[in-house]
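Undergrad:
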Amino acid sequence: MARIVGAVATSHIPLIGKAIAMGWQNDPAWKPFFDSYSPVQDWLRSVRPDVAVVVYNDHGLNFFLDKMPTFAVGAASEYTNADEGWGLPVVPPFPGHPELSWHVIESLVADEFDVTSCQEMAVDHGFAVPMALLWGKDDRRIKTIPVCVNTVQFPLPSPARCYKLGQAIAHAIHSYPDDLRVVVLGTGGLSHQLEGERAGFINKPFDLMCCDAIAHNVDPLLMLSSRDLVREAGSQGVELLAWLVMRGTVSGCATQKHFAYHGAVSNTAAALMLLA
Amino acid sequence: MLTHDDIPGTIVFDGRQAMKAYALNKMCFSFNDAANRESFKRDEDAYFDRFGIPPDQRAAMKRRDVLALVRSGGNIYYLAKWAGILGLNVQQVGALQRGITEEAFREMLRQESV
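Chains as they are written, first to last, in this note's numbering: chain A, 8 to 283; chain B, 690 to 803.
(1) What runs of the beta strand (DSSP E), each 3 residues or longer, lie entirely inside the segment 733-760 of chain B?
(2) Indicate the three-state DSSP secondary structure (helix, strand or coil) for A/S232 in the structure shown.
(3) By how many angstroms is the C-alpha of A/M230 removed from the C-alpha of A/A283?
(4) Sort B/Y736, B/I774, B/A784 by Cα distance to B/A723 and report the nearest one.
(5) Using a Cβ-Cβ cutoff of 9 Å, what residues of the segment 766-781 of chain B are near chain A? List them in chain order.
(6) Assuming A/M280 contacts A/H265 under a Cβ cut-off of 8 Å, what Cβ separation, rounded to an integer in Å, is found between them?
(7) Compute the Euclidean distance between the alpha carbons of A/D49 and A/D42, then round it to the nearest angstrom.
(8) Determine the chain B residues that contact A/Q126 at a beta-carbon separation under 8 Å, and present them in chain order.
(9) Output yes if chain B places a C-beta closer than 8 Å to the C-beta of A/A271; else output no.
(10) Contact check, A/V257 vs A/V60 under 8 Å by CB: the rounded distance?
(11) Who are the near neighbours of A/Q263 in its chain, counting only those whose CB is closer than 8 Å to its CB and skipping five residues on each side?
(12) Helix, strand or coil, according to DSSP, for A/C155 in the structure here?
(13) Distance check for A/G13 and B/D694, CA to CA, integer angstroms please.
(14) Going along chain A in order, which residues have a C-beta closer than 7 Å to the C-beta of B/P661?
(15) Less than 8 Å between the beta carbons of A/D186 and A/M8, yes or no?
(16) Count the CB pairs spanning the segment 17-27 of chain A and the segment 133-141 of chain A that are closer than 8 Å, and state whether there are at least three.
(17) How many angstroms separate the CA atom of B/R787 from the CA atom of A/P21?
(18) Report the residues of the segment 204-237 of chain A with a CB closer than 9 Å to any CB of chain B, ordered along the chain.
(19) If contact means a Cβ-Cβ distance below 7 Å, which residues of the segment 70-84 of chain A contact chain B?
(20) May I ask you to report which of helix, strand or coil DSSP gives A/C125?
(21) Closer than 9 Å by beta-carbon distance: list the chain A residues that pair up with B/A757, in chain order.
(22) Below 8 Å on the Cβ atoms is my contact criterion, and I expect A/Q160 with B/F718 to pass it. Report the Cβ-Cβ distance as a whole number of Å.
(23) Along the chain, which unbroken stretches of the alpha helix (DSSP H) at least 4 residues long are found entirely within the segment 30-96 of chain A?
(24) Compute the Euclidean distance between the alpha carbons of A/V130 and A/G193, then round it to the nearest angstrom.
(25) Would you be able to state if there are at least three C-beta pairs under 8 Å between the segment 737-757 of chain B and the segment 99-113 of chain A?
Structure representation (structure tokens):
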């Protein structure tokens with residue numbers, strides 16, 4: 008039987024991808040940030056996951072407003088990356104695990120999560136930056152399943168719904184017959200806002216409250232609406248929804264094994280959390 | 690339709706906004722492709738014509754008025770690709786909307802997150 012060995016939440020800021028591509032890991036401004044990933048990289052080496060389920064949000068690379076799924080699950084044998092229009096460094100494609108993807112899709116729909124299945128899916132920095140942070144930008148040994156949550160166009164799913172999606176993903180994985188070790192990533196955040204007169208908004212107390220809640224007691228966050236998230240975390244701070252999916256996949260059993268917070272990296276603070 | 694007007698300085702991109710600027714967002718989505726970015730750089734007006742961009746949004750693009758574009762229904766995720774063609778980073782896009790310098794914007798981010 009497949010099992011979830013743990014879950015990781017991390018920021019996915021594009022500038023981090025650039026720092027990796029440029030080899031700035033030992034630059035004094037960046038070293039503390041990259042060093043904070045070592046304990047999670049060590050943990051990954053010890054648990055040796057076969058598959059990463061990567062919960063993130065598309066930033067207008069794969070999905071346009073013509074068709075905007077609330078929840079989309081990749082079912083491809085590989086997922087390509089692109090420069091997203093800003094000349095971001097492009098990384099090699101990520102291998103998929105279509106058999107497990109289809110099992111997850113079947114199980115989610117049976118559990119009343121009517122997801123969109125995608126046999127072609129380009130993955131952007133929301134997916135690629137965390138993969139590079141955790142495994143290195145060219146390491147393609149782990150297979151992946153992208154799970155995309157709409158944060159582009161309202162209405163967005165609620166925090167509680169995202170948490171329940173995580174629980175349903177866990178149910179799906181635990182019912183897969185093959186012996187696979189699965190790690191779940193939730194990417195994005197923290198509070199930030201790119202547009203409007205409030206551009207540049209950061210809410211550190213809310214960020215720290217959310218991280219603490221996700222680690223220890225998620226209930227207060229499940230009372231919030233997505234609109235509340237915009238107010239408290241900014242219009243892009245709603246990326247926290249991916250962290251809630253991640254938390255849902257390890258509901259009840261995992262505890263926080265590592266946490267790091269860094270002040271503004273680009274337009275948002277950054278954080279890393281391991282639950283196992 | 691549920692609106693989100695009570696969040697200060699924030700224009701939530703909902704159906705109401707999405708209806709206003711479908712062509713603008715579609716044009717910006719096309720900038721994922723490098724060849725399209727080159728076409729735009731070669732002849733902005735021809736590219737605007739191709740997507741049927743209305744005059745007010747063309748004018749806002751020409752004067753780099755990000756806030757006007759957001760208000761008129763532009764979605765920041767797609768507008769970011771246009772900003773990329775202009776060589777603007779996200780701090781510059783933020784500073785333009787705030788009406789402050791990039792340095793002041795960066796300092797604000799630092800103060801908020803220390």
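Every residue gets a Cβ at the ideal spot worked out from N, C-alpha and C, and that includes glycine.
Quick caveat, the model's predicted, so the values are computed rather than measured.
TA: Once the coordinates are examined:
(1) The segment 733-760 of chain B contains no whole beta strand (DSSP E) run of 3 or more residues.
(2) Taking the first residue of the first sequence as position 1, residue 232 of chain A is located at position 225. Annotated three-state conformation of A/S232 is coil, per DSSP.
(3) Residue numbering aside, residue 283 of chain A sits at position 276 when the first sequence is read from its first letter. Residue numbering aside, residue 230 of chain A sits at position 223 when the first sequence is read from its first letter. Approximately 25 Å between the Cα atoms of the pair.
(4) Here residue 723 of chain B is taken as the residue at index 34 of the second sequence, counted from 1. Comparing Cα-Cα distances from B/A723 to each of B/Y736, B/I774, B/A784, the minimum goes to B/I774.
(5) Listed in sequence order: Y766, Y767, L768, A769, K770, W771, A772, G773, I774, N778, V779, Q780.
(6) Position 273 of the first sequence, counted from the first residue, corresponds to residue 280 of chain A. Position 258 of the first sequence, counted from the first residue, corresponds to residue 265 of chain A. About 7 Å; that satisfies the 8 Å criterion.
(7) Position 42 of the first sequence holds residue 49 of chain A. Position 35 of the first sequence holds residue 42 of chain A. Their backbone Cα atoms lie some 11 Å apart in a straight line.
(8) Working through the first sequence from its first residue, we reach residue 126 of chain A at position 119. Near A/Q126 there are no residues of chain B at all, since even the closest Cβ is about 19 Å away, more than 8 Å.
(9) Sequence index remark: in the first sequence, residue 271 of chain A carries index 264 (1-based). Against chain B, the CB of A/A271 has a partner CB under 8 Å away; the residue lies at that interface.
(10) To locate residue 257 of chain A, count along the first sequence from 1; it is residue 250. To locate residue 60 of chain A, count along the first sequence from 1; it is residue 53. Going by Cβ atoms, the distance from A/V257 to A/V60 rounds to 11 Å, so no, they are not a contact pair.
(11) Here residue 263 of chain A refers to the residue found at position 256 when the first sequence is read from its first residue. Within its own chain, the residues whose Cβ lies closer than 8 Å to the Cβ of A/Q263, once the five positions on either side in sequence are excluded, are A222, H223, M280, L281, L282, listed in chain order.
(12) To locate residue 155 of chain A, count along the first sequence from 1; it is residue 148. Here A/C155 sits in strand by DSSP.
(13) Numbered from 1 along the second sequence, position 5 holds the residue referred to as residue 694 of chain B. Numbered from 1 along the first sequence, position 6 holds the residue referred to as residue 13 of chain A. B/D694 and A/G13: Cα-Cα distance of roughly 39 Å.
(14) The structure shown does not extend to residue 661 of chain B, since chain B is modelled only from 690 through 803, so no value can be given for it.
(15) What you label residue 186 of chain A is simply residue 179 of the first sequence in a count that begins at 1. What you label residue 8 of chain A is simply residue 1 of the first sequence in a count that begins at 1. Yes, the pair counts as a contact, with Cβ atoms nearer than the cut-off.
(16) Yes, the segment 17-27 of chain A touches the segment 133-141 of chain A.
(17) As a working mapping, residue 787 of chain B is identified with position 98 in the second sequence. As a working mapping, residue 21 of chain A is identified with position 14 in the first sequence. If you draw a straight line from the Cα of B/R787 to the Cα of A/P21, it is about 22 Å long.
(18) When CB distances to chain B are screened at a threshold of 9 Å, the residues of the segment 204-237 of chain A falling below it are E204, R205, A206, G207, F208, I209, N210, K211, D214, R234, V237, in chain order.
(19) Cβ contacts with chain B: F71, L72.
(20) Locating residue 125 of chain A in the first sequence gives position 118, counting from the first residue. Secondary structure at A/C125: strand, using DSSP grouped into helix, strand and coil.
(21) Your numbering for residue 757 of chain B matches position 68 in the second sequence. By Cβ distance, chain A contributes nothing, its closest Cβ being about 12 Å from B/A757, past 9 Å.
(22) Reading the first sequence from its first residue, position 153 is the one you call residue 160 of chain A. Reading the second sequence from its first residue, position 29 is the one you call residue 718 of chain B. Wrong, their Cβ atoms sit about 12 Å apart, outside the cutoff.
(23) Runs of alpha helix (DSSP H) with 4 or more residues, each lying fully within the segment 30-96 of chain A, are found at 38-42, 45-54, listed in chain order.
(24) By one-based count along the first sequence, residue 130 of chain A stands at place 123. By one-based count along the first sequence, residue 193 of chain A stands at place 186. So the alpha carbons of these two residues sit roughly 14 Å apart.
(25) Segments in contact, no.
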